[in-house]
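Everything on this sheet refers to the single structure shown next.
Numbering (full-length UniProt numbering), first residue to last: 1 to 80.
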């Protein structure tokens, strides 16, 4: 899933890439909710993405992302 969202293959997902990727997977998160997921630098690297997707993560925005996608990483297209 990370590779599918990182469309420029930079190793990090930007706001625009995350927004487009979430929409592609059926998410209806608002821009403000998506921005809440981003680091201060406006990017999410692979390690941060994995942490967000793991169950038990305490971040409310991160739970929202997992719930919004309603799928596990291993079931996602392009996840390997």
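Even for Gly, the Cβ is constructed at its ideal location relative to N, Cα and C.
Taking residue 85 and residue 13 to be in contact with their CB atoms under 8 angstroms, please state how far apart those CB atoms are, rounded to whole angstroms. Residue 85 lies beyond the stretch modelled for the chain, which goes from 1 to 80, so this question has no answer here.
Are residue 17 and residue 6 close, meaning C-beta to C-beta below 9 angstroms? Position 17 of the chain shown, counting from 1, holds the residue named residue 17. Position 6 of the chain shown, counting from 1, holds the residue named residue 6. Cβ atoms of residue 17 and residue 6: closer than 9 angstroms.
Measure the alpha-carbon distance for residue 4 versus residue 15 and round it to whole angstroms. For the purposes of this step, residue 4 is identified with residue 4 of the chain shown, where counting begins at 1. For the purposes of this step, residue 15 is identified with residue 15 of the chain shown, where counting begins at 1. For the pair residue 4 and residue 15, the Cα-to-Cα distance works out to about 14 angstroms.
Endpoints, alpha helix (DSSP H) assigned at residue 31: Taking the first residue of the chain shown as position 1, residue 31 is located at position 31. For residue 31, the enclosing alpha helix (DSSP H) stretches over residues 31-37.
What's the gap between the Cα of residue 22 and the Cα of residue 51? Counting from 1 along the chain shown, the entry for residue 22 is found at position 22. Counting from 1 along the chain shown, the entry for residue 51 is found at position 51. Taking the straight line from one Cα to the other gives about 17 angstroms.
Which stretch, first to last residue, makes up the alpha helix (DSSP H) that contains residue 16? Locating residue 16 in the chain shown gives position 16, counting from the first residue. First-last of the alpha helix (DSSP H) with residue 16: 15-24.
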